Each structure stands twice: as C-alpha cells, then as structure tokens.
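Encoded as structure tokens, the structure appears first; notes follow it.
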Amino acid sequence: MLINPHSALIMVDLQNDFCKGGSLEVPDGDAVIPLANQLQAKFDVIVATKDWHPKDHMSFASNHSEKKVGDVINVNGLEQILWPDHCVQETHGAELHPLLNTFKIQKFFLKGTDKTVDSYSAFFDNAHLRTTGLADYLLQQKINDIYIMGLATDYCVRFSCLDAAHLGFKTYIIQEACRGVELNPGDVKNALNEMRAEGVTILEMKDLT
Ligand code: VGL
Ligand code: ZN
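Under our numbering, the first residue of the sequence shown carries the number 24, and numbering increases by one thereafter.
Below you can see the structure in the form of structure tokens.
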C-alpha cells in the first residue's frame, strides 16, 4: 500500500529497559529495532515516545510495601499493574536502544512523568486527564494517518493505537515491528483483536514496501 503524505510514524518506547537485559524485558524486544530503522526511511514525520518515570513512580512494586511485581492495586479507581522499576529518568534503562537511528526523529513525547498516574498511551495518561501534546502536534502538521510500532504490544502500543483511532486518525499498527510483555498467554492476540474491533488496521512490513 502507498503511504499518503499526511502520515506519521510513531515509535513507542524503544528503550533499553524493554530490550534484552532490561529490567522490564519484553521477549524478543530487540528484534523490532532494525524494523524501526527500515520504517523510518518511508516517513517524513517521525516521533518517538519514551516511558520516563520518576524513581518514586507508583507503578513500581518497590514503592509499595508488601506488594510484588505483577500485583494489581487500585489507584483512584483505576487498576494498576505493579512493574519492576523501569525507565527511570536519566538512567541507562530509559535511554533509547543504541542501534535505533534517531536523526529523523522530530520530537520526543515523554509519558509516565507524574508519579501519581501511569501512562501507557502516547496521547494521554491512564486516567485520561492530561495529554502529552502528541495529538496537537500531529494535527498542526496536518497528519491524518498514523503508523504505530514498538514496545509493548499489549500495553503502550495497544493504548496508543486505541487513543489514535478514537481521536479520529486513520490508525495502522505494524504487527511484526511490535512485541508484547504477554504477562498472560494470549495478551498480544487479545490486544490485536481489541485494536481491530476499534478500527485499527493491522499491517505487515511487506504491506508497506
Ligand atoms: C510499558 C509497562 C509499563 C510499555 C510501560 O511501554 O508498554 N509497559 N510501562
Ligand atoms: Zn512504565
């Protein structure tokens, strides 16, 4: 398929902590980095997100006594999964994967910076109270179509795709260029089905050549 000129590539959380040896390693997460580099050649508007937490972030199990990774707590009425400490601001784990090309990235959008609320989506925090500025940025550049890839399929990629579709962007996910945490078997498949049901188009790399 042809990529129309009013398209943007959004690369989600291609950070060390989600890759091999990282604290919240996504299985085979590194495999998407070369695909991110290939995809960038096809786009003029390219943005990237970074999960960017203060070290006292409430999504870290370590910040709750008597809780462990994987436990689910309730924060202001929202379910919150507790994660290992990850993507702490200004640490190696929060840096982009060293093999990711960055010279075409126009702007970075940071999420999860407020210690009181998590933020999976590239657009809004999980309570949908604050925006990251990404939607306005894309609208200013007359973007209609959004292509999303990155980590992790069942969390940040999923919620970014759902918000993009709900905001009215024509939204594509490049399936092979994403990997999931898969805390429970089937999470990635379910996430893709949910996205499809909400109007997101699932693409393969070969569809874009
Ligand atoms: C993510 C869990 C916690 C992600 C971020 O990037 O998908 N997952 N923080
Ligand atoms: Zn996080």
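Every residue gets a Cβ at the ideal spot worked out from N, C-alpha and C, and that includes glycine. As the structure is a computational prediction, the values presented were derived from the model and not from experiment.
In the pairwise beta carbon analysis, the stretch 217 to 225 is classified as touching the stretch 194 to 201: at least three pairs are separated by under 8 Å. CA-to-CA, the gap between Lys-138 and Leu-101 works out to about 14 Å.
Distance from the CA of Asn-60 to the CA of Val-98, rounded to the nearest whole angstrom, comes to 37 Å. In this structure, the beta-carbon distance from Leu-119 to Ala-31 does not fall below 9 Å. CA-to-CA, the gap between His-80 and Asp-94 works out to about 15 Å.
With contacts defined by Cβ atoms closer than 9 Å, Ser-144 and Asp-210 do not form a contacting pair. Under a 10 Å Cβ-count criterion, Leu-157 is classified as buried, with 16 or more other Cβ atoms of the shown protein chains found around its own Cβ. At least one heavy atom of the ligand ZN lies closer than 8 Å to the C-beta of Gly-135. Residue Cys-110 holds the alpha-carbon nearest to the alpha-carbon of Asp-74 among Cys-110, Ile-104, Glu-205 and His-87.
Cβ-Cβ distances below 8 Å link Phe-131 to Val-70, Ala-71, Thr-72 and Lys-73 in the same chain, with the five nearest sequence neighbours on each side left out; the list follows chain order.
Boundaries for Lys-212: no beta strand (DSSP E) harbours it, while the alpha helix (DSSP H) harbouring it runs 210 to 220, taken from the DSSP string. For Leu-162, the enclosing alpha helix (DSSP H) begins and ends at 157 to 163. Asn-207 is the residue among Lys-229, Asn-207 and Thr-232 whose C-alpha sits nearest the C-alpha of Pro-50.
Arg-202 and Glu-48 have their C-alpha atoms some 10 Å from each other. Note on Gly-44: under 16 other CB atoms within 10 angstroms of its CB, so exposed under the neighbour-count rule. Shown here, Met-228 sits in a helix according to DSSP, grouped into three states.
Leaving aside the five residues that flank His-87 on each side, none in its chain has a CB nearer than 6 Å to its CB. In the structure shown, Tyr-178 falls within a helical segment according to DSSP collapsed to helix, strand and coil.
Under the three-state reduction of DSSP, Phe-41 is assigned to helix. Look at Val-70 here: in three-state DSSP terms it is strand. Ranking Gly-116, Gly-173, Ser-46 and Thr-155 by CA distance to the CA of Leu-58 puts Gly-173 first.
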